[in-house]
Amino acid sequence: MWWTLAVGVLLSLCPGPVCGEQRDDVYIEAWNSLQSYALSLWHIRHYICSSIVVAMGIWAVLEYLNKTYNKKEGVKDIIMPNVPKEIIQNGHLVQEEKEIHVAGVKIFFGSQTSTAKRFAKILADAIQKLGLPVEVIDLNEYDPDDDNLANEISNKTLCVFMVSTYTDGQPTESAAWFCKWLEEATHDFRYGKTYLRGLRYAVFGLGNSVYVNHYNTVGKNIDMWLWMLSANRIMTRGEGDCNVVKSKHGSIEADFSGWQTKFLSRLYTLLKGDKGGEKECNGTCKKGKCNSKEKKHKEKSGQDDEGPKDHSSGEEELFETTSEEESGVEDATESASVIDVEDLGTVMNNMKQTKKEEVNKETPQFKLSKRALRKKVMEEPREMITPALRKALTKQGYRLIGSHSGVKLCRWTKSMLRGRGGCYKHTFYGIESHRCMETTPSLACANKCIFCWRHHTNPVGTEWRWKMDEADMILKEAIENHQNLIKQFKGVPGVKAERYAEGMVVKHCALSLVGEPIMYPKINHFLKLLHHQNISSFLVTNAQFPEEIRNLKPVTQLYVSVDASTKDSLKKIDRPLFKDFWSRFLESLKALADKKQRTVYRLTLVKAWNVDEIRSYADLIEIGKPDFIEVKGVTYCGESSASNLTMANVPWHEEVVYFVQQLADLLIDYEIACEHEHSNCLLIAHKKFKVNGEWWTWIDYDQFQLLIKDHEENRGTKIFSAEDYMAKTPAWSLFGAKQRGFDPVDTRFQRKKVKDISGC
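The structure is reproduced here in structure tokens:
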């Protein structure tokens with residue numbers, strides 16, 4: 006040992022008394038004492054060495070126990086995050102300050118129909134349950150320069166962006182400025198490529214996959230632009246799909262619920278200061294491959310890729326990072342949008358277990374990959390009416406039938422039951438409004454018109470991919486639901502007894518409630534069932550399905566909505582889903598010209614949008630050669646975030662009359678026939694319905710039923726035309742009559758207008 010050597014050296018160096026004759030006695034005595042003490046230590050050196058070894062062993066044991074205790078405390082912190090650590094300073098018990106990893110969350114939303122705003126509030130409520138401060142911000146009220154988006158880095162704020170994609174893949178009006186600023190910042194040298202380095206963010210986009218070329222482009226762009234400014238995405242971008250057919254979880258609400266579950270789990274991880282082993286990719290990896298250790302580790306463990314990919318190629322697919330299907334767990338959590346922190350561990354374990362069970366369900370020889378399993382689920386047809394859609398439409402007064410149909414009582418039906426007048430179809434064609442059933446076998450539509458009185462609560466689509474109900478079931482339940490709605494007026498003051506009795510027997514069916522009835526694959530069978538029950542058919546289509554129009558069996562009257570006369574205005578007003586919408590529109594008009602039964606152009610005038618296109622309308626009339634042209638001023642159905650339509654876009658009746666007069670002057674074979682002032686509507690009719698100077702625009706419904714029966718018995722070989730079942734028009738409904746289209750049999754009541762989105 007080193008100390009024994011030291012004692013030995015000391016003994017050898019100590020001089021004896023003979024060497025210091027000139028030294029005084031005190032000095033000699035001190036040296037003798039030191040030498041004596043050194044000799045004593047040398048004799049007991051073995052005992053000292055043993056004591057030191059024992060002390061060092063005790064110290065090693067204590068250190069080991071201390072480390073083991075600290076590890077247990079760390080596990081305890083994870084299991085019980087809300088239990089604070091406590092330490093003792095100066096004899097007092099004080100709470101240890103924790104390092105803050107996430108100081109708060111800011112949720113930015115850009116919405117047109119308020120869906121993103123609603124989701125933002127739901128997410129905010131869930132985050133508050135974690136004890137974090139959260140702020141919901143409308144992008145319309147946020148300036149990235151003045152409010153300084155870069156400050157969120159030092160503030161340790163997590164930013165969430167919930168943005169919708171609007172027409173042609175453009176951002177909504179509220180998010181337009183933010184998107185413009187963010188895009189320009191990526192190319193502005195004053196900001197630099199590292200301007201947002203350290204900013205943590207997550208993106209959830211809202212869109213509709215029917216718009217293939219523009220699906221969720223705003224969410225993808227914001228994700229890309231933030232990444233280009235070196236911001237750090239904390240998780241995979243979420244995408245909500247309004248298209249229930251292709252939606253990952255069946256509806257946009259379910260898509261959001263699944264993404265929210267993942268987000269809360271990720272947020273909880275960040276709160277603990279654990280980055281989950283993630284590291285931002287440097288963006289130099291090849292497509293589909295990443296050289297980072299973290300990425301390779303994730304690929305081995307089966308986790309989702311949450312790091313940014315190479316954006317240099319500009320392909321949108323490079324931003325898609327979702328690689329697994331978790332519908333089993335997320336479907337179970339659709340009803341609960343908020344998950345308690347204590348339940349997160351259970352949820353994650355259940356998620357893993359569910360994935361294993363899904364794979365184990367397949368036998369080894371027929372085992373499917375995760376991609377194949379997802380494809381298999383996607384191929385199964387879903388119901389058109391999702392729970393969220395059912396709730397919204399039921400609130401609007403619909404009686405839903407099966408999985409894709411509905412019926413609703415028209416306000417004109419209620420009016421005529423009271424003897425207060427019928428709708429314009431009563432004035433123009435002799436429909437008994439109190440005996441008219443307004444229904445549809447397809448709630449889905451191929452357009453998203455700005456004046457839609459349903460405010461786009463119905464689904465959209467370009468083809469039938471849903472589960473399909475039988476036509477006889479739809480008609481049976483439609484009549485039953487309509488009769489139940491009529492029964493509600495029994496005994497109501499003002500309702501006429503004879504009209505109530507007549508209203509219980511359906512005589513007319515307006516297939517114009519909502520959606521696109523012609524999309525229903527069994528529409529011809531449905532029409533046949535209507536005619537077998539002596540119910541006339543009035544079918545409306547948006548001129549996007551020319552082949553279906555050609556294959557359509559005879560109907561009492563076939564409508565085509567002509568909401569605009571040019572390609573640009575049709576795109577702005579109807580907002581069609583088809584890319585080739587204009588060619589489809591023109592082909593639909595040509596198909597209408599080949600029909601032998603009554604055909605109608607339905608023009609909706611939107612002031613400042615299409616009232617100046619008179620010459621173009623005249624050209625379209627030459628293509629379809631309709632029997633009648635209905636010109637109606639747009640109906641304002643209240644404020645809607647789905648469009649910027651206001652009362653200023655509603656033309657006065659005199660403006661509609663002026664437009665119709667100008668249009669009629671351009672048409673050789675047409676004249677103004679009827680007027681319904683109450684509906685702000687006029688009728689232009691072909692001169693073939695003017696016999697001996699008198700208009701015959703009304704319909705002989707009994708004669709039509711005889712003709713259609715004869716047509717079916719002869720297997721469609723016996724053709725009949727519109728002139729074969731026309732009836733004389735009463736004088737009170739003609740244009741220029743003092744009644745202005747109001748039936749003198751009824752009594753007109755003047756009252757203040759209230760918001761009413763019913764009517765056909």
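Per the working numbering, the sequence shown starts with residue 6, numbered consecutively. Every residue, glycine too, gets a C-beta built ideally from N, C-alpha and C. Nothing here was measured: the structure is a model prediction, and the numbers come from that model.
When we look at the beta-carbon of residue i and count the other beta-carbons within 10 Å, is it buried (16 or more) or exposed?
i	result
Trp230	buried
Gln133	exposed
Leu39	exposed
Ala502	exposed
Asp754	Going by the sequence as given, residue 754 is Phe instead of Asp. With fewer than 16 Cβ atoms within 10 Å of its Cβ, Phe754 is classed as exposed.
Asn156	exposed
Asn37	exposed
Cys54	exposed
Asn226	buried
His537	exposed
Leu711	exposed
Ala549	With the sequence shown as reference, residue 549 is identified as Gln, and Ala is not the correct amino acid for it. So Gln549 ends up on the buried side.
His51	exposed
His48	exposed
For the alpha helix (DSSP H) containing residue i, name the first residue and the last one.
i	result
Leu480	Ala476 to Lys492
Cys184	Ala181 to Ala190
Tyr273	Ile257 to Leu276
Tyr429	Tyr429 to Tyr434
Asp573	Lys572 to Asp579
Asp707	Tyr706 to Glu718
Gly508	Ala502 to Gly508
Using alpha carbons as the reference points, say which of the options lies closest to residue i.
i	options	result
Asn153	Arg416, Asp751 and Leu187	Leu187
Ile239	Gly411, Leu582, Leu480 and Arg202	Arg202
Ile142	Ser116, Trp737, Lys558 and Ala131	Ser116
Thr546	Ile540, Phe531, Gln562 and Lys533	Gln562
Leu163	Leu275, Pro735 and Gln488	Leu275
Thr722	Asp729, Ile713, Glu728 and Tyr730	Ile713
Thr177	Val215, Glu635 and Phe114	Phe114
Val249	Arg50, Pro386 and Thr266	Pro386
Asp193	Leu480, Leu234, Gln744 and Thr172	Leu234
Phe543	Trp64, His431 and Asp150	His431
Pro526	Glu627, Leu557 and Glu682	Leu557
Ala690	Ile626, His658 and Ile455	Ile626
Leu608	Asp632, Lys637, Leu688 and Lys185	Lys637
His681	Gln265, Ala736, Leu269 and Glu618	Ala736
Could you tell me the alpha carbon to alpha carbon distance between residue i and residue j, rounded to whole angstroms?
i	j	result
Phe694	Trp701	5 Å
Asn287	Thr170	Note that Asn287 scores 44 on pLDDT, short of 50, meaning its location in the model is unreliable; the coordinates nonetheless yield the value given after this. If I take the Cα positions, the gap works out to 29 Å.
Pro498	Glu521	36 Å
Asp315	Arg580	Per-residue confidence for Asp315 stands at a pLDDT of 38, beneath the threshold of 50, marking its modelled position as unreliable; no derived number is given.
Pro559	Arg720	12 Å
Ala483	Ile406	7 Å
Gln602	Glu258	44 Å
Phe590	Leu448	20 Å
Asp228	Pro392	30 Å
Asp766	Leu137	No answer is possible for residue 766: it lies beyond the span of the chain, which begins at 6 and ends at 765.
Leu668	Leu144	44 Å
Met524	Leu671	34 Å
Leu211	Glu718	51 Å
Phe531	Gln493	27 Å
Ile105	Arg242	25 Å
Asp715	Asp573	44 Å
Run through the DSSP bridge pairs and tell me what residue i is partnered with.
i	result
Gln2	Residue 2 lies beyond the residue range present for the chain, which begins at 6 and ends at 765; the question has no answer from this structure.
Asp143	Phe114
Arg238	Tyr206
Met442	Cys514
Trp700	Lys695
Pro176	Thr170
Val59	Per DSSP, none; premise fails for Val59.
Using beta carbons (cut-off 9 Å, strictly below), is residue i in contact with chain D?
i	result
Cys450	Chain labels in this structure do not include chain D; a single protein chain is all it has.
First and last residue of the beta strand (DSSP E) that includes residue i?
i	result
Lys111	Gly109 to Gly115
Ile677	Tyr675 to His681
Arg404	Arg404 to Ile406
Lys533	No beta strand (DSSP E) holds Lys533; the alpha helix (DSSP H) holding it covers Ile528 to His537.
Lys413	Ser410 to Lys413
Lys637	Phe633 to Gly638
Gly243	Gly243 to Asp246
Just to confirm, does residue i get its C-beta within under 8 Å of one of the non-hydrogen atoms of the ligand FAD?
i	result
Val696	Absence of the ligand FAD from the depicted structure is noted, as is the absence of any ligand whatsoever, leaving it without description.
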